[in-house]
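Undergrad: Every letter in the sequence shown is one number past the one before it in the numbering used here, and letter 30, counting from 1, is 297.
Don't be surprised by glycine CBs; every beta carbon is placed ideally from N, CA and C.
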Amino acid sequence: MLVSNSLDVSRHNSHRLERGADITTLHQMPAAERRLAPHNDSLVERGRRGTDPSPVMQLFPAATASSAPDKDQAAAFVDPASRTEAGGHTRQLALQQTISARDLLYHPGDTLRTELGLAAGKAHEMLSRLGDLQAPLGGHLFGAEGLMPGEGPKALLATLKRLMDDIPAGSNSATAKDRSIMIALMGDIGAILGSTTTGVERTPKQDEALRLAIPGLLGLPYPAAESLAPTSALGGSANIGPAKKQERIKPPNAQPARTGVHNLGKHADDLLGIQSNRLLPSRWDVAQLKKERVDTTVEPLIAHMSGTQAETLAVWDMLRGEQRPYTRVMDGLKERPYLANDPMSQLPSSERDARYARAAGTAAFLIGNGYHSAVEVLGGTLAYTGQDGQSVVGPRQDAGHLFGQGAATQLISELLNTQRAAQV
């Protein structure tokens, strides 16, 4: 039986969010203020997820921020973690979303375990048939910035096998690290297909060979570029983060080991009571963002809006046999606009459940390991579930302008919590 959880949306100021003020119900809102609200109704709709329904969640998007400063204005960039280091509401949000994300990676519900295991089975089959391209495919995972530094294809195949065996009622042998590796692998495959991968120990010739081989091994109807083009158009950085190139730089840095949003992973694990098999820290270049953007956004920022979310979900769909990866729900909504209040209703209940599980798993991986924050994955999550957040904000704006005062953490944490295994 499908259980629904409604989201009430109104444009209240952030201080009302903190006070838990009364809200305007959906049907009372002016049409101009309801454009995103009907779509949001479906984000946390329940399927069978092994948890009791949580209380009705109330969403208060932030007021739209002012336009970007003049391009001639001197640009100042800062490490966005500086807001968390200063304490306050941003740190609370960073910890809350890190806890929700890591808790899900440690304790996934049956639907997420099944979706990971079935995708891992297809990935295992593909990897086994790649021959000399096995090591290049895992180049990012096996490199200094990956989750399996110094390891190789044999260890990756063993990881995939544990996930295959973890399908309920399975062996329960898979770990949070195994789940992170699987989701990272899907993101790496997406980057290969979309030609967005950089800084990986692969030659251009190996990249091209993988782009030629993977579509056939996955049974895709189109070559690599065509297979990812609709995904990039809907959920790529150029769409969900149109000002990303102007608002982010990646200066050289020492790549310290980190885990969780703004390195709060260890603290989150302590609060969760995780004693063993903790997610390990990893290393990557720290992005710096426009100071004005960091100063005006209460939600924690890390690396700007995530196109990785869409690439990962597209490959997860491919591994599960989806013929319209990532874009299926939005495509269906264009064909049947009368479903705007509940875009996911066009799918059978089992497919809705699976889609929510994939969305939650991908978000948990990116947030739990500290690569992106809740507000940075929200745009890609909304698009995947048929909700066009970009139509609400300005042409140079993104989810951070609409949900940047605390709503993003609420939305994503709620989604993650619905996918957690039932607590006994």
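To the nearest angstrom, how far is the alpha carbon of G410 from that of A524?
TA: The residue given as residue 410 occupies position 143 in the sequence shown. The residue given as residue 524 occupies position 257 in the sequence shown. G410 and A524: Cα-Cα distance of roughly 14 Å.
Undergrad: Go ahead and pull the three-state DSSP assignment for A525.
TA: What you label residue 525 is simply residue 258 of the sequence shown in a count that begins at 1. In the sequence under discussion, the amino acid at residue 525 is Arg, which differs from the Ala named in the question. Strand.
Undergrad: Can you tell me the Cβ-Cβ gap for A624 and T426, rounded? I've got them flagged as a contact below 8 Å.
TA: Counting from 1 along the sequence shown, the entry for residue 624 is found at position 357. Counting from 1 along the sequence shown, the entry for residue 426 is found at position 159. At roughly 19 Å, the Cβ-Cβ gap does not stay under 8 Å, so A624 and T426 are not in contact.
Undergrad: Three or more C-beta pairs closer than 8 Å, one from the segment 582–599 and one from the segment 529–544: is that the case here?
TA: Counting Cβ pairs under 8 Å, fewer than three are found: no touch.
Undergrad: Helix, strand or coil for R515, going by three-state DSSP, please let me know.
TA: If you number the sequence shown from 1, residue 515 lands on position 248. Correct three-state label for R515: strand.
Undergrad: Just tell me which of K444, T563, L360, D445 has its CA closest to the CA of Q677.
TA: The sequence position of residue 677 within the sequence shown is 410, counting from 1. Of the listed residues, the one whose Cα sits closest to Q677 is L360.
Undergrad: Can the beta-carbon of A368 be found less than 9 Å from the beta-carbon of L645?
TA: What you label residue 368 is simply residue 101 of the sequence shown in a count that begins at 1. What you label residue 645 is simply residue 378 of the sequence shown in a count that begins at 1. No, the pair does not count as a contact, with Cβ atoms beyond the cut-off.
Undergrad: Please state if the CB of R622 and the CB of L385 are separated by a distance shorter than 9 Å.
TA: Start at 1 with the first residue of the sequence shown, and residue 385 comes out as number 118. Start at 1 with the first residue of the sequence shown, and residue 622 comes out as number 355. No, these two residues do not count as a Cβ contact at 9 Å.
Undergrad: How far does the beta strand (DSSP E) with Q555 in it extend, from its first residue to its last?
TA: Position 288 of the sequence shown, counted from the first residue, corresponds to residue 555. Looking at the DSSP string, the run of the beta strand (DSSP E) that includes Q555 is 555–557.
Undergrad: Quick one: Cα of T365 to Cα of A492, how far?
TA: Locating residue 365 in the sequence shown gives position 98, where the first residue counts as 1. Locating residue 492 in the sequence shown gives position 225, where the first residue counts as 1. The straight-line gap from Cα to Cα measures roughly 34 Å.
Undergrad: Out of I481, G355, T470, F344, state which residue places its alpha-carbon closest to the alpha-carbon of M393.
TA: Here residue 393 is taken as the residue at index 126 of the sequence shown, counted from 1. The shortest C-alpha separation from M393 is found at I481.
Undergrad: Where does K557 land, buried or exposed, given buried means 16+ other C-beta within 10 angstroms?
TA: Position 290 of the sequence shown holds residue 557. Counting Cβ neighbours within 10 Å, K557 comes out buried, since at least 16 surround it.
Undergrad: Under a three-way DSSP split, which group does V345 fall into?
TA: Position 78 of the sequence shown holds residue 345. V345 falls in the strand class under three-state DSSP.
Undergrad: Give me, in chain order, the residues of the same chain whose beta-carbon lies closer than 7 Å to that of G406; leave out the 5 immediate sequence neighbours on both sides.
TA: One-based indexing of the sequence shown puts residue 406 at position 139. V467, E468, R469.
Undergrad: Take G574 and list the residues in its own chain whose beta-carbon comes closer than 6 Å to its own, dropping the five residues that flank it on each side.
TA: The count along the sequence shown starts at 1 and reaches residue 574 at position 307. Cβ neighbours of G574 beyond the five flanking positions: G503, S504.
Undergrad: What number of angstroms, rounded off, separates the C-alpha of A570 from the C-alpha of R515?
TA: Taking the sequence shown and counting its residues from 1, the one referred to as residue 570 is at position 303. Taking the sequence shown and counting its residues from 1, the one referred to as residue 515 is at position 248. Spanning the two alpha carbons is a distance of roughly 7 Å.
Undergrad: On a CA-only basis, which of V642, S617, P435 is nearest A630? Give me that one, please.
TA: Walking along the sequence shown from the start, residue 630 turns up at place 363. Of the listed residues, the one whose Cα sits closest to A630 is V642.
Undergrad: R687: beta carbon under 8 Å from a heavy atom of the ligand GDP?
TA: In the structure shown, the ligand GDP is absent, as is every other ligand, since no ligand is present at all.
Undergrad: Could you check what DSSP says for P375 in three-state terms: helix, strand or coil?
TA: Reading the sequence shown from its first residue, position 108 is the one you call residue 375. Three-state DSSP puts P375 in a strand.
Undergrad: In whole angstroms, give me the CA-to-CA distance for I459 and A451.
TA: Counting from 1 along the sequence shown, the entry for residue 459 is found at position 192. Counting from 1 along the sequence shown, the entry for residue 451 is found at position 184. Looking at the two C-alpha atoms, the distance is approximately 12 Å.
Undergrad: Let me make sure I understand the geometry here. Which of Y605, L606, D620, A577 has the alpha-carbon closest to that of Y593?
TA: Counting from 1 along the sequence shown, the entry for residue 593 is found at position 326. Comparing Cα positions, the closest option is A577.
Undergrad: Please say whether V528 and S395 have beta carbons closer to each other than 9 Å?
TA: Position 128 of the sequence shown, counted from the first residue, corresponds to residue 395. Position 261 of the sequence shown, counted from the first residue, corresponds to residue 528. No, Cβ-Cβ distance for S395 and V528 is not below 9 Å.
Undergrad: May I ask you to report which of helix, strand or coil DSSP gives S640?
TA: As a position in the sequence shown, residue 640 is number 373, starting the count at 1. Correct three-state label for S640: coil.
Undergrad: Buried or exposed, going by whether 16 or more other CB atoms sit within 10 Å of the CB of A689?
TA: To locate residue 689, count along the sequence shown from 1; it is residue 422. It counts as exposed.
Undergrad: Compare the C-alpha of G628 against each of P375, S440, L424, G355 and name the closest.
TA: Looking up residue 628 in the sequence shown gives position 361. Ranking the options by Cα distance to G628, first place goes to P375.
Undergrad: How many angstroms separate the CA atom of Y253 from the CA atom of V596?
TA: Lying before the first or after the last residue shown, residue 253 is absent from the chain, which here runs from 268 to 691.
Undergrad: Can you check DSSP and say which residues form a bridge with S549?
TA: For this step, residue 549 is matched to residue 282 along the sequence shown. According to DSSP, which records beta bridges pairwise, S549 is partnered with R525.
Undergrad: Expressed to the nearest angstrom, what Euclidean distance is found between the alpha-carbon atoms of T357 and T526?
TA: By 1-based counting over the sequence shown, the position of residue 357 is 90. By 1-based counting over the sequence shown, the position of residue 526 is 259. Approximately 17 Å, taken between the alpha carbons.
Undergrad: Could you tell me how far apart the beta carbons of A441 and P420 are, in whole angstroms, since I believe they sit closer than 8 Å?
TA: By one-based count along the sequence shown, residue 441 stands at place 174. By one-based count along the sequence shown, residue 420 stands at place 153. About 18 Å; that fails the 8 Å criterion.
Undergrad: Between which two residues does the alpha helix (DSSP H) containing D432 stretch?
TA: As a first step, residue 432 is located in the sequence shown; it is residue number 165 there, counting from the start. That run of the alpha helix (DSSP H) goes 420–432.
Undergrad: Using 10 angstroms around the beta-carbon of P519, count the other beta-carbons present and answer buried if the total reaches 16, otherwise exposed.
TA: Stepping through the sequence shown from its first residue, residue 519 is reached at position 252. Label assigned to P519: exposed.
Undergrad: Tell me the rounded alpha-carbon separation between S438 and G656.
TA: On the sequence shown, residue 438 is found 171 positions in, with the first residue counted as 1. On the sequence shown, residue 656 is found 389 positions in, with the first residue counted as 1. Whole-angstrom Cα-Cα distance: 40 Å.
Undergrad: Looking at K444: is its Cβ nearer than 9 Å to the Cβ of A387?
TA: What you label residue 444 is simply residue 177 of the sequence shown in a count that begins at 1. What you label residue 387 is simply residue 120 of the sequence shown in a count that begins at 1. Cβ distance not < 9 Å, so K444 and A387 don't count as in contact.
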